[in-house]
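Here the structure is laid out as structure tokens; the discussion comes afterwards.
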Amino acid sequence: MFFNTHKVEIDWAGRPLTLETGKIARQADGAVMATYGETIVLATVVSEKEPKPGQDFFPLTVNYQEKTYAAGKIPGGYFKREGRPSEGETLISRLIDRPIRPLFAEGYKNETQVIITVLQHDLENNPDILSMIAASAALTLSGVPFMGPIGGARVGYINGKYVLNPNIDEMPESKLDLVVAGTSDAVLMVESEAQELSEDVMLGAVIFGHNGFKPVIDAIIKLAEVAAKEPREFVPEDLSDLEKKMLKFAEKDLRKAYQLTDKQERYAAVDAVKAKVDAKFMPEGEEEPEYNSEEIATVFKHLQAKIVRWNILDNGSRIDGRDLKTVRPIYTEVGILPRTHGSALFTRGETQAVVVATLGTGEDEQYIDSLTGMYKETFLLHYNFPPFSVGETGRIGSPGRREIGHGKLAWRAIHPMLPSQESFPYTIRAVSEITESNGSSSMATVCGTSLALMDAGVPLQHPVAGIAMGLIKEGDRYAILSDILGDEDHLGDMDFKVAGTENGVTALQMDIKINGITEDIMKVALGQAKEGRIHILGEMAKALTGARSELGEYAPRIEMMNIPVDKIRDVIGSGGKVIREITEQTGAKINIEDDGTIKIASSDAKTIEAAKRWIHSIVDEPEVGQIYQGTVVKTADFGAFVNFFGPRDGLVHISQLAPERVNKTTDVVKEGQKVWVKLMGFDDRGKVRLSMKVVDQETGQEIPREETPKSEDADHAEKHGKHEKTEKHHDDNGEKSEKHDKGEKDEKSDKPEKKHRRKKNADKDKE
Numbered sequence: 001m002f003f004n005t006h007k008v009e010i011d012w013a014g015r016p017l018t019l020e021t022g023k024i025a026r027q028a029d030g031a032v033m034a035t036y037g038e039t040i041v042l043a044t045v046v047s048e049k050e051p052k053p054g055q056d057f058f059p060l061t062v063n064y065q066e067k068t069y070a071a072g073k074i075p076g077g078y079f080k081r082e083g084r085p086s087e088g089e090t091l092i093s094r095l096i097d098r099p100i101r102p103l104f105a106e107g108y109k110n111e112t113q114v115i116i117t118v119l120q121h122d123l124e125n126n127p128d129i130l131s132m133i134a135a136s137a138a139l140t141l142s143g144v145p146f147m148g149p150i151g152g153a154r155v156g157y158i159n160g161k162y163v164l165n166p167n168i169d170e171m172p173e174s175k176l177d178l179v180v181a182g183t184s185d186a187v188l189m190v191e192s193e194a195q196e197l198s199e200d201v202m203l204g205a206v207i208f209g210h211n212g213f214k215p216v217i218d219a220i221i222k223l224a225e226v227a228a229k230e231p232r233e234f235v236p237e238d239l240s241d242l243e244k245k246m247l248k249f250a251e252k253d254l255r256k257a258y259q260l261t262d263k264q265e266r267y268a269a270v271d272a273v274k275a276k277v278d279a280k281f282m283p284e285g286e287e288e289p290e291y292n293s294e295e296i297a298t299v300f301k302h303l304q305a306k307i308v309r310w311n312i313l314d315n316g317s318r319i320d321g322r323d324l325k326t327v328r329p330i331y332t333e334v335g336i337l338p339r340t341h342g343s344a345l346f347t348r349g350e351t352q353a354v355v356v357a358t359l360g361t362g363e364d365e366q367y368i369d370s371l372t373g374m375y376k377e378t379f380l381l382h383y384n385f386p387p388f389s390v391g392e393t394g395r396i397g398s399p400g401r402r403e404i405g406h407g408k409l410a411w412r413a414i415h416p417m418l419p420s421q422e423s424f425p426y427t428i429r430a431v432s433e434i435t436e437s438n439g440s441s442s443m444a445t446v447c448g449t450s451l452a453l454m455d456a457g458v459p460l461q462h463p464v465a466g467i468a469m470g471l472i473k474e475g476d477r478y479a480i481l482s483d484i485l486g487d488e489d490h491l492g493d494m495d496f497k498v499a500g501t502e503n504g505v506t507a508l509q510m511d512i513k514i515n516g517i518t519e520d521i522m523k524v525a526l527g528q529a530k531e532g533r534i535h536i537l538g539e540m541a542k543a544l545t546g547a548r549s550e551l552g553e554y555a556p557r558i559e560m561m562n563i564p565v566d567k568i569r570d571v572i573g574s575g576g577k578v579i580r581e582i583t584e585q586t587g588a589k590i591n592i593e594d595d596g597t598i599k600i601a602s603s604d605a606k607t608i609e610a611a612k613r614w615i616h617s618i619v620d621e622p623e624v625g626q627i628y629q630g631t632v633v634k635t636a637d638f639g640a641f642v643n644f645f646g647p648r649d650g651l652v653h654i655s656q657l658a659p660e661r662v663n664k665t666t667d668v669v670k671e672g673q674k675v676w677v678k679l680m681g682f683d684d685r686g687k688v689r690l691s692m693k694v695v696d697q698e699t700g701q702e703i704p705r706e707e708t709p710k711s712e713d714a715d716h717a718e719k720h721g722k723h724e725k726t727e728k729h730h731d732d733n734g735e736k737s738e739k740h741d742k743g744e745k746d747e748k749s750d751k752p753e754k755k756h757r758r759k760k761n762a763d764k765d766k767e
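196 is the number that the UniProt record's numbering gives to position 196 of the sequence shown; each next residue is one higher, with no gaps.
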């Protein structure tokens, strides 16, 4: 047989899950083809045989990539091939990275690359969970020191029930989109968006998902039993002697440094201790010191963690002197940039965010081309983390993975509380500029964005706040920390971010670095996070309690109207001619949806009204009994053609031009003259009957019936059922034809009138 393949298959959440290896990408250290439903991904793992000299960190890279051929599509753009990763691909790469990173053996520093490629998408089963499972399986088979495998699952909450791995069509009905990953014993990662769900529901979803992916872990182990490579020889360095010596030498100074509450002072003191340690254990002038710089740096970091953790567990004393539950002092302010549409400053301790909200129109919507099709995004949230925020120099440019991930977390927190497009038809962009950072800048972004949007007049359902929780755990002892600092994040065992309103959770992100986080610990953490969130909401309310009643002075105004779908092409016109003319003449921005929804935007209300009137004149039908102002576009012997309703022209017969008898049309009206006309009705052929004589031409008001004298000619015309004929956009032939018809009728109707007059004159002669 050409290939030595191995395969396992299980039924998972009502669909077949297949893991196969040995056929494709055989030169990689590990390669797995995973199929769920009809979605197929390929995950590969390659790890260098040796670490790079002088490297003191683990260089792990996870790349998730979607190929458009997977959905039967060809890429857009000039080059017609996939380019740089999209935001969605970056987020899924992070989603896979976070649960696998803590499971590599401590001290392993060989460069490792995990690549997951979507080969086929059935447009029902999302490839992100499948990619996580495939990556876990490939790592388990590769022989690298990976303490897995892990599993992952998506949990929905539909009609009050948890749903394991809901398909793409079911997700719009779900009040929860939660992804959970971990080993068979512990949860390692949670990412979610929710519609104000309670802490108990959120915790239940985590447990439900954890139990749900255990069969997947069993399947990976089953595959590894027959297909895994021999484990690589890796023996972590034993630095326990160095740690004992360094602890004895530097413990006192480090404890003193970590009693400084100011971040910059503390960092300077820690750097001074590190310099003393370097001088002690790597003296200048020694050609071959006992320890190298990487070993010293590794042990010093461990020592820092121990000092911080001991202080917290033994004394309940945190780095900045707070107890476990206290939130740092908060300062909030809105309207700090008065010419922007909305702005806010949110400061919590040494973490600060300046958030600016901008309202846009349909033209500003973001079009996203994904494997499932093109869709539009009307809420954008961008998070920027410049190096000056931590007092450093660094790269400035396009956002990195961390910035994209933090921005998306804040987006998830705010998104469930946004008004519907029907009630607030704006494109919304919020930009969070982190100007200071010492922990939990993503949650500062949530708080600042909530305030900035309300300052801009966006009617959020409820204000949203966020808080970052931490965990220190040694054996059976543990401490849960509210509003963690940066050092407590780096040196602790958990980063647990919770955002929501006073009614419930809207977003949750958890990254756990150790095994053994129990359900009870997560329950305590969620309860403590709720207390902190309610406190922060109270502090935010000092600046603004709800959305402003009116939009900012410089924000555009948008009004919506709906037209019949079959009228869309009339409004757009050939090649966009009509809508272009409306835009140019009125100055309004106009966006038309496929369902007939029209958004009209301008900072001037009169401009919006002008555009609305123009569109109404195109799509509406004139109403009988209504009075319209029109323009005489052509005169004839039998009357005048009046453009009275958008592009519609109608004929005012000579008998309807004025209350008195009219001998000549041009005695009453001239071409280009503005006149008021009343729509009297329609004839059997749909022609409209217009009249000027029943309308006061000065005021545009209807003349009361008893005050409207009838000319003999008009009276006789009404008795004989005469009515006016109109044509929409008359051509020359049509006008001549109608004139000819009218002329014939006028001649015939004149004969009895002349006889009547001759008889009347004869009677007078007899008298």
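C-beta: ideal position from N, C-alpha, C; glycine also. Quick caveat: nothing in here was measured; it's all calculated off a predicted structure.
Other residues of its chain near residue i: CB distance less than 6 Å, five sequence neighbours each side excluded
| i | result |
| --- | --- |
| D364 | T427 |
| T340 | V356 |
| G646 | S617, I618 |
| E433 | V354, N384 |
| E111 | E48, P59 |
Exposure of residue i, with buried meaning 16 or more beta-carbon neighbours within 10 Å
| i | result |
| --- | --- |
| H720 | Residue placement at H720 cannot be trusted, given a pLDDT of 44 that sits under 50; what the coordinates show is reported in the next sentence. So H720 ends up on the exposed side. |
| Y383 | buried |
| M374 | exposed |
| E9 | exposed |
| K754 | Because K754 carries a pLDDT of 44, less than 50, the predicted location of this residue cannot be relied on, and the following value inherits that uncertainty. Exposed, by the Cβ-count rule. |
| A70 | buried |
| D169 | exposed |
| E286 | exposed |
| N438 | buried |
| L17 | buried |
| Q264 | exposed |
| W614 | buried |
| E660 | exposed |
Member of the options whose CA lies at the smallest distance from the CA of residue i
| i | options | result |
| --- | --- | --- |
| T61 | R401, G504, I563, R557 | R401 |
| residue 773 | G14, R15, E20, P16 | For residue 773 there is no data in the structure shown, the boundaries of the chain being 1 and 767. |
| S240 | Y291, K274, V270 | Y291 |
| V216 | P236, I150, V206 | I150 |
| F644 | W310, N663, K678 | K678 |
| P59 | V498, A28, I100, A153 | I100 |
| E559 | G575, T597, A525, V571 | T597 |
| L690 | V642, V431, A555 | V642 |
| V190 | N110, K497, V41, T140 | K497 |
| L176 | N167, D683, T372, Y162 | Y162 |
| M202 | R98, A525, E698 | A525 |
| K473 | A452, M443, T445, I512 | I512 |
| D649 | L657, A640, Q656 | A640 |
Residue i: first and last residue of the uninterrupted alpha helix (DSSP H) it sits in
| i | result |
| --- | --- |
| K408 | 401-414 |
| D97 | 87-100 |
| S136 | 127-142 |
| I615 | 605-619 |
Presumed contact (8 Å Cβ cut-off) between residue i and residue j, rounded CB distance
| i | j | result |
| --- | --- | --- |
| A413 | G466 | 6 Å |
| G22 | N125 | About 24 Å; that fails the 8 Å criterion. |
| L537 | E502 | 6 Å |
Residue i - containing beta strand (DSSP E), residue span
| i | result |
| --- | --- |
| D11 | 6-12 |
| I572 | Premise fails: I572 lies in the alpha helix (DSSP H), 568-572, not in any beta strand (DSSP E). |
| Y157 | 151-158 |
| D649 | 648-653 |
| M494 | 494-500 |
| E66 | 60-66 |
Contacts around residue i, its chain only, beta-carbon distance under 8 Å, and the 5 residues preceding and following it disregarded
| i | result |
| --- | --- |
| Q65 | E82, P85, E89, I115, I116, T117, V118 |
| V458 | G342, A357, L359, L418, P419, F424, Y426, I428, A547 |
| L303 | E243, M246, L247, A250, E251, L254 |
Chain B contact for residue i (CB, 9 Å cutoff)
| i | result |
| --- | --- |
| R661 | Any reference to chain B falls outside this structure, which holds one protein chain only. |
Cutoff 7 Å; reference residue i; Cβ partners in own chain excluding five residues on either side
| i | result |
| --- | --- |
| T298 | D56, L239 |
| D369 | G76 |
| A224 | T140, L141 |
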